[in-house]
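Residue numbers (the numbering used here): 220 to 294. Glycine included, C-beta positions come from ideal geometry on N, C-alpha and C.
Printed below as a string of structure tokens:
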């Protein structure tokens, strides 16, 4: 899924999956005391949470993008 840990509060996700994948989910990754979930849903129909790439911490959206591209977020 491309989760790139860091020593400070800013973290990055750089998806490593092919553009042809319609969906994926990396769920319940313990990171700095939080449960992280990374979801890619090309159409928004697989997981029912909308189109695109989303990052959740403890069940709350902390970053999102309509495209399968890298992004940074803070926890």
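For residue i, is the beta carbon positioned less than 7 angstroms from some heavy atom of the ligand FAD?
{"i": "residue 268", "result": "Although the ligand FAD was asked about, the structure shown includes no ligands whatsoever."}
Residue i: buried (16+ other C-beta within 10 angstroms of its C-beta) or exposed?
{"i": "residue 257", "result": "buried"}
{"i": "residue 223", "result": "exposed"}
Please name the residue or residues paired with residue i in a DSSP beta bridge.
{"i": "residue 271", "result": "260"}
{"i": "residue 302", "result": "As shown, the chain starts at 220 and ends at 294. That puts residue 302 outside it, with no answer to give."}
{"i": "residue 230", "result": "292"}
How about residue i: is its C-beta nearer than 8 angstroms to some C-beta of chain B?
{"i": "residue 276", "result": "The structure shown contains no chain B; it is built from a single protein chain."}
Taking Cβ positions, are residue i and residue j nearer each other than 8 angstroms?
{"i": "residue 285", "j": "residue 267", "result": "no"}
{"i": "residue 289", "j": "residue 225", "result": "no"}
{"i": "residue 283", "j": "residue 273", "result": "yes"}
In three-state terms, what does DSSP make of residue i?
{"i": "residue 294", "result": "coil"}
{"i": "residue 266", "result": "coil"}
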